[in-house]
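In the numbering used here, the protein residues as written are 8 to 314.
Everything below concerns the one structure shown next.
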């Protein structure tokens, strides 16, 4: 059984592993560290890992892999409660005691958490390589939001099949990027589907991009375009929306083109004199409003299913 945990001694510390010692080795002679300091090390690393990609904290092994152990006078269950009490909101983590070289070693494990966790002293930490770095809560939330979105888009939709996709659209996209493949091969190339038992399992991303009826799979696969009077957005009795258009019913690949067309028709134009001739130009730079459309679609949080 001990062989199962030998890797804790030899794997380099980094993003997903941190070893902690109960002893201060700076003087050359091992001296017991203050226990509050040891607990703080564990708490800080668990929070930082949960705010990043998850990981494992090991107590009782020195940085160089030497097994120094945990003193017998300390109780794991009691310490685990103390650790949990110093994290907000509460964090689910696993803990266990293992034996290595005849000594006690404690192993704490946490997965990536969808929530942003902080220490009870108010600090937010984020794990980067082998360091626990102070990090603004809003930045951690932004990173987690991106991760949640990626997880959502990568989920498999069990009741969807290849017949729900516009295969000609997939073929066209493949040709535009230089892929001489069948539609199914294009999907496999971009990991939008997975082969299982002779059939293709579709991800939500595949359906958002290429579905014949994307609204069947997600109610927010569309764009709201609104024009306000003035330069300030008002609500309630002072609501100043001049015109509102809902662009939907298209897979994302076509939605962008449809949005370009529908919005360009409604953008104000102005005349300017160029080489003795008047030219009509859009009031807003084309690249700016087109980039805004792409960003709105690409960075939307598809884990939110409401309209």
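Beta carbons: idealized from backbone N, C-alpha and C, even for Gly.
Only a predicted model underlies this, so the values are computations on that prediction, with no experimental measurement involved.
### Query
For the putative contact between residue 214 and residue 164, defined by C-beta atoms under 8 angstroms, what is the C-beta separation to the nearest angstrom?
One-based indexing of the chain shown puts residue 214 at position 207. One-based indexing of the chain shown puts residue 164 at position 157. Contact holds; Cβ gap of about 6 angstroms.
### Message
If distances are taken between C-alpha atoms only, which option among 67, 251, 194, 128 comes closest to residue 26?
### Response
Within the chain shown, numbered from 1, the residue matching residue 26 stands at position 19. Residue 67 is the option with its Cα nearest to residue 26.
### Task
Would you tell me roughly how many angstroms separate the C-alpha atoms of residue 217 and residue 176, rounded to the nearest one?
Stepping through the chain shown from its first residue, residue 217 is reached at position 210. Stepping through the chain shown from its first residue, residue 176 is reached at position 169. Our two residues, residue 217 and residue 176, have alpha carbons roughly 7 angstroms apart in a direct line.
### Limits of the unbroken beta strand (DSSP E) element including residue 169
Counted from its first residue, the chain shown places residue 169 at position 162. From DSSP, residue 169 is part of no beta strand (DSSP E); its letter is neither H nor E.
#### Entry: Option in 292, 235, 162, 307 with minimal Cα separation from residue 210
Here the question's residue 210 lines up with position 203 in the chain shown. Per the Cα distances, 162.
#### Entry: beta strand (DSSP E) runs wholly inside the stretch 210-288, at least 3 long, in chain order
The stretch 210-288 contains these whole beta strand (DSSP E) runs: 229-235, 248-255, 276-281.
### Task
Take residue 167 as the anchor and find which of 306, 206, 110, 271 has the nearest alpha-carbon.
One-based indexing of the chain shown puts residue 167 at position 160. Considering only alpha carbons, the answer is 206.
### Query
Where does residue 23 sit, in a helix, a strand or coil, going by DSSP?
Position 16 of the chain shown, counted from the first residue, corresponds to residue 23. Three-state DSSP puts residue 23 in coil, outside helix and strand.
### Message
Can you give me the C-alpha to C-alpha distance between residue 64 and residue 142, rounded to a whole angstrom?
### Response
The sequence position of residue 64 within the chain shown is 57, counting from 1. The sequence position of residue 142 within the chain shown is 135, counting from 1. Just so you know, the alpha carbons of residue 64 and residue 142 end up roughly 20 angstroms apart.
### Message
Going by the DSSP bridge assignment, what does residue 31 pair with across the sheet?
### Response
For the purposes of this step, residue 31 is identified with residue 24 of the chain shown, where counting begins at 1. Residue 31 is bridged by DSSP to 38.
### Query
What three-state label does DSSP hand residue 18 in the structure shown?
Mapped onto the chain shown, residue 18 falls at position 11. Correct three-state label for residue 18: coil.
### Task
Report the three-state DSSP secondary structure of residue 307 (helix, strand or coil).
The residue you call residue 307 lines up with position 300 of the chain shown. Three-state result, residue 307: coil.
### Message
In this structure, how does DSSP classify residue 136 when only helix, strand and coil are distinguished?
### Response
Position 129 of the chain shown, counted from the first residue, corresponds to residue 136. Three-state DSSP puts residue 136 in coil, outside helix and strand.
### Message
residue 188 and residue 134 - do their beta-carbons sit closer together than 8 angstroms?
### Response
Within the chain shown, numbered from 1, the residue matching residue 134 stands at position 127. Within the chain shown, numbered from 1, the residue matching residue 188 stands at position 181. Cβ distance not < 8 angstroms, so residue 134 and residue 188 don't count as in contact.
### Query
Just the Cα atoms here: how many angstroms apart are residue 84 and residue 105?
Stepping through the chain shown from its first residue, residue 84 is reached at position 77. Stepping through the chain shown from its first residue, residue 105 is reached at position 98. If you draw a straight line from the Cα of residue 84 to the Cα of residue 105, it comes to about 14 angstroms.
### Task
Can you give me the start and stop residues for the beta strand (DSSP E) that residue 195 sits inside?
If you number the chain shown from 1, residue 195 lands on position 188. For residue 195, there is no enclosing beta strand (DSSP E); the residue is found in the alpha helix (DSSP H) stretching over 190-196.
#### Entry: Which listed residue (53, 81, 75, 74) has its alpha carbon closest to that of residue 42
By 1-based counting over the chain shown, the position of residue 42 is 35. Closest option to residue 42, Cα to Cα, is 81.
### Query
Where in the stretch 31-106 do unbroken runs of the beta strand (DSSP E), each at least 3 residues long, occur, reported from the N-terminal end onward?
Within the stretch 31-106, the complete beta strand (DSSP E) runs of at least 3 residues are 61-66.
### Message
Just to confirm my understanding: we take residue 235, look at its own chain, exclude 5 residues before and 5 after, and list those with CB closer than 7 angstroms. What are they?
### Response
For this step, residue 235 is matched to residue 228 along the chain shown. Hits under 7 angstroms: 247, 248, 249.
### Query
Under a three-way DSSP split, which group does residue 117 fall into?
As a working mapping, residue 117 is identified with position 110 in the chain shown. Here residue 117 sits in strand by DSSP.
### Query
Applying the criterion that 16 or more other CB atoms from any shown protein chain within 10 Å of the CB defines a buried residue, is residue 14 buried or exposed?
Against the chain shown, residue 14 aligns to sequence position 7. Of the residues assessed, residue 14 falls on the exposed side of the cut-off, its CB having fewer than 16 other CB atoms within 10 angstroms.
### Message
Along the chain, where does the beta strand (DSSP E) containing residue 200 start, and where does it finish?
### Response
Position 193 of the chain shown, counting from 1, holds the residue named residue 200. DSSP places residue 200 in the uninterrupted beta strand (DSSP E) bounded by 200-203.
### Task
Could you tell me if residue 124 is buried or exposed, where buried requires 16 or more neighbouring beta carbons within 10 angstroms of its beta carbon?
To locate residue 124, count along the chain shown from 1; it is residue 117. By the neighbour-count rule (16 or more Cβ atoms within 10 Å), residue 124 is buried.
### Query
Three-state secondary structure (DSSP) at residue 112?
For the purposes of this step, residue 112 is identified with residue 105 of the chain shown, where counting begins at 1. Under the three-state reduction of DSSP output, residue 112 falls in the strand class.
### Task
Tell me whether residue 186 sits in a helix, a strand or coil according to DSSP, three-state version.
As a working note, residue 186 is residue 179 in the chain shown. Reduced to three states, the DSSP call for residue 186 is coil.
### Query
What is the rounded straight-line gap between the Cα of residue 208 and the Cα of residue 194?
Working through the chain shown from its first residue, we reach residue 208 at position 201. Working through the chain shown from its first residue, we reach residue 194 at position 187. If I take the Cα positions, the gap works out to 10 angstroms.
### Query
Thinking C-beta only, is residue 222 closer than 8 angstroms to residue 255?
Here the question's residue 255 lines up with position 248 in the chain shown. Here the question's residue 222 lines up with position 215 in the chain shown. Cβ atoms of residue 255 and residue 222: closer than 8 angstroms.
### Message
Assuming the contact rule is C-beta atoms closer than 8 angstroms, residue 100 and residue 60 should be a hit. Round their C-beta distance to whole Å, please.
### Response
Here the question's residue 100 lines up with position 93 in the chain shown. Here the question's residue 60 lines up with position 53 in the chain shown. Your pair residue 100 and residue 60 does not check out as a contact, with CB atoms roughly 14 angstroms apart and the cut at 8 angstroms.
### Message
Quick check on DSSP: helix, strand or coil for residue 297?
### Response
Within the chain shown, residue 297 is the residue found at index 290, counting from 1. Note: residue 297 maps to helix in three-state DSSP.
### Message
Assuming contact is defined by CB atoms lying nearer than 8 angstroms, are residue 225 and residue 102 in contact in what I supplied?
### Response
Within the chain shown, numbered from 1, the residue matching residue 225 stands at position 218. Within the chain shown, numbered from 1, the residue matching residue 102 stands at position 95. No, the pair does not count as a contact, with Cβ atoms beyond the cut-off.
### Task
Indicate the three-state DSSP secondary structure (helix, strand or coil) for residue 155 in the structure shown.
Position 148 of the chain shown, counting from 1, holds the residue named residue 155. Residue 155: helix per DSSP, three-state reduction.
### Cut-off 7 angstroms between Cβ atoms - residues of its own chain near residue 122, not counting five sequence neighbours on either side
Reading the chain shown from its first residue, position 115 is the one you call residue 122. In the same chain as residue 122, and ignoring 5 residues on each side of it, the C-beta atoms closer than 7 angstroms to its own belong to 96, in chain order.
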